Structure formats: C-alpha cells, structure tokens
Amino acid sequence: RFARRKLLKLLNGMNLHATIQIEWLKHQQNYLLKIHLPKQALPYLISFLSFHHYRIYQIVPFQLLDAIKPFKIS
1 RFARRKLLKL LNGMNLHATI QIEWLKHQQN YLLKIHLPKQ ALPYLISFLS FHHYRIYQIV
61 PFQLLDAIKP FKIS
C-alpha cells in the first residue's frame with residue numbers, strides 16, 4: 001500500500017506538458033496502474049519510471065486487459 005501511494009505521489013509530481021490520469025485497479029488478484037496519457041508521452045513515462053527504479057512488466061491497451069494472461073514472476 002505504501003509503495004502504491006509513493007508511486008502515485010511521484011507520478012503526480014511529474015512535469016509533463018500533457019495531462020495524465022492515474023488510478024490503481026485490482027484485476028485478477030493483481031494491482032495494475034491505469035494511466036491515460038497521449039502516445040507521445042509514453043516514452044517519457046517509461047524512462048521516468050525506469051530512472052526511479054520501478055519495473056515495468058507489461059504495457060497493455062486497456063481494451064485488451066481481459067484478453068491477456070498476467071505476467072507471472074517465478
């Protein structure tokens with residue numbers, strides 16, 4: 001819970017020229033970060049999260065969320 005709150009605070013403080021909407025969802029026992037942003041801001045977001053040592057396992061369009069299997073770490 002603390003890590004999710006910390007990540008939300010970090011993302012809300014990010015300086016983008018576009019507005020983004022961020023929320024946490026629970027889907028199939030996993031917490032997912034749902035972000036609405038323009039496509040041109042996606043590389044910046046990925047670099048920003050990597051710089052702050054957050055791992056990105058999958059980037060999925062929201063329409064395909066139910067069609068995929070969640071990534072499992074063994």
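Residue numbering for the sequence shown follows full-length UniProt numbering, beginning at 1 and increasing consecutively.
Glycine included, every Cβ here is placed at the ideal spot set by N, Cα and C.
From a predicted model like this one, the values you see are computed outputs, not experimental measurements.
Just how far apart, CA to CA, sit residue i and residue j?
i, j, result
"Ser47", "Ile56", "10 Å"
"Leu25", "Phe2", "15 Å"
"Lys34", "Leu42", "13 Å"
"Tyr54", "Lys39", "20 Å"
Smallest Cα separation from residue i: which of the options?
i, options, result
"Arg5", "Ala18, Leu16, Asn15, Ile22", "Ile22"
"Asn12", "Ser50, Leu45, Lys39, Gln58", "Leu45"
"Gln58", "Leu32, Lys39, His52", "Leu32"
Return the first residue and the last residue of the beta strand (DSSP E) that residue i is part of.
i, result
"Ile35", "30-36"
"Ile22", "21-27"
Determine the extent of the alpha helix (DSSP H) in which residue i is found, giving its start and end residues.
i, result
"Leu3", "As written in the sequence, residue 3 is Ala, which differs from the Leu given in the question. Counting along the chain, the alpha helix (DSSP H) containing Ala3 begins and ends at 2-12."
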